[in-house]
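Take the sequence shown: its position 184, counting from 1, is numbered 179 in our numbering, and each next residue is one higher. One structure is given below, encoded as structure tokens.
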Amino acid sequence: MKGVSVQTEVVVIGAGQAGLSAAYHLRRRGLEPGPGFVVLDANPGPGGAWRHRWDSLTFGAAHALHDLPGMPLGTPDPAEPASSVVTRYYGQYEREFGFDVVRPVAVASVSDGGGGRLAVASASDGGRSWDARAVINATGTWDRPYWPYYPGRDIFRGRQLHTHDFRSAAEFAGRRVVVVGGGTSAVQFLLQLHRAGAQTLWSTRRPPEFTRRPFDAEWGRAVEARVSARTRAGLPPLSVVAATGLPLTQQYQDGIAAGILVSRGPLESLGTDTVRFVDGSEEKADVILWATGFRAALEHLAPLRLREPGGGIRMDGVRVAREPRLFLVGYGESSSTLGATRAGRSAALAAVRLLEAEGSPTAAVPALPTQSG
């Protein structure tokens, strides 16, 4: 298929929660896989970023996964790895609704293709490309782990790894591990590493933000409003923990009481086998685990010149202000699984309205199969 350009109405980039939700609602509005829309995914199989999570992250310990539209997840075994649960669920979902996801496709660029269309070029798949009137980008963050710079990071002789590369706490038994980061992943790593027999130190830039506030619908709306205000202003989205805080569960309270979940404060620098904190103290270290989060994977959108002076992309809901043919889902306020599901629907409806405004009418398809009644 080298050099082939495929014509379609909408390209969905990414087959995670947001991308699959968008695909579902595009079908319900009369667009068929192929001529109506195409879903591209960089992974070799279903599951999105979840397929890469470590086996010790069980479904019960993971952030809540919300149902995709039209097919409930059910009640998985909380002890089963979250990666297995989600990969199976997404795979069933793709088959149930016949999305025919094209994979693995690493998108190299999205650019103005002329004639009111956008050109989506692949870095793989023999240089294949897609020509569409609208693009729904649902690439998430997993492929862009954030590694902060500290003096000495390049001379540290121990092992350095990111959340992206973590597989098992057992391999660090007997090692002195410094976990850097203030989010949920850092807290879970610390507890797992301690149980596996590692000696742990925790470094955060600010005091950990534990909260007793229930993570309910009202809380969710407040968080989304806070994040939305930034993206509407063209500022980079907040990290998850900056927007939500850490839930003060009984497990976390026990970890604090045991001295495991007590931060030593920010790092200042690294030595060949040490870390130095800003308070002047220095500790030996064998491993540094950078649980420092991720950034939105949007490099392929660079040809469209979307960035604002504030460093972010200015959004009007899910529509990009500078490029009305482009919709971002799983970005900003829609980065949670619940937000991503809703954003997928919003993007699909907005894309259909765009097509209709340009003279391509679609019809609702109430017969689309559903398991939710």
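A virtual CB, placed ideally from N, CA and C, is assigned to each residue, including glycine.
Residue state for HIS61 is assigned as coil, using DSSP reduced to three classes. Under the DSSP assignment, LEU21 falls in the alpha helix (DSSP H) whose first and last residues are 12 to 23. Cβ contact annotation for SER264 (same chain, cutoff 8 Å, sequence separation greater than five): TYR145, PRO146, GLY147, VAL270, ARG271, in chain order. For GLY108, the CB contacts under 6 Å within the same chain, skipping 5 residues up- and downstream, are ALA114, ASP126 in chain order. THR3 sits close to PRO30, with the two beta carbons spaced by under 8 Å.
Between ASP50 and SER163, the C-beta spacing is below 8 Å. Within the same chain, and ignoring the five residues on either side of VAL6 in sequence, the residues whose Cβ sits closer than 6 Å to its Cβ are VAL33, VAL115, TRP125, ALA127, VAL130. Counting only the Cα atoms, PHE167 lies some 39 Å from ALA297. Ranked by Cα distance from ARG207, the first of SER16, GLN248, ASP62, SER119 is GLN248. Listed as beta-bridge partners of HIS157 by DSSP are TRP285. The criterion of a C-beta distance shorter than 8 Å is not satisfied by GLY176 and TRP45.
In this structure, the beta-carbon distance from GLY260 to ALA133 does not fall below 8 Å. Here DSSP, grouped into helix, strand and coil, assigns THR3 to coil. Within its own chain, the residues whose Cβ lies closer than 7 Å to the Cβ of ALA316, once the five positions on either side in sequence are excluded, are ARG309, MET310, listed in chain order. Closest in alpha carbon position to PRO67, among GLN12, PRO242, ALA193, PRO39, is GLN12. According to the DSSP assignment, ILE251 belongs to no beta strand (DSSP E) but to the alpha helix (DSSP H) extending over 245 to 252.
With contacts defined as CB atoms closer than 8 Å, SER78 and PRO99 fail to qualify as a contacting pair. Judged by DSSP in its simplified three-state form, VAL81 adopts helix.
If you look at ALA181, you'll find it in the alpha helix (DSSP H) that goes 179 to 190. Excluding sequence positions up to five before and after TYR84, its CB lies within less than 7 Å of the CB of LEU68, all in the same chain and listed in chain order. Burial check for TRP142: the Cβ neighbour count within 10 Å stays below 16, so the residue is exposed. By the Cβ-count criterion, GLN187 is buried, with 16 or more other Cβ atoms from all chains shown falling within 10 Å of its own Cβ. In the three-state DSSP reduction, PRO319 falls in the strand class (E or B). Separation of PRO304 and GLU318 (C-alpha to C-alpha, rounded to the nearest whole angstrom) is 16 Å. Annotation for PRO28: GLY93, PHE94, ASP95 place their beta carbon closer than 7 Å to its own, counting only its chain and skipping 5 residues before and after. Boundaries of the beta strand (DSSP E) around GLU278: 277 to 279. The alpha-carbon of PHE54 is positioned some 23 Å away from that of ALA37. Rounded to the nearest angstrom, the gap between the Cα atoms of GLY122 and PHE289 is 28 Å. Closest in C-alpha terms to ARG200, from the list ALA352, THR287, ASP62, LEU63, comes THR287.
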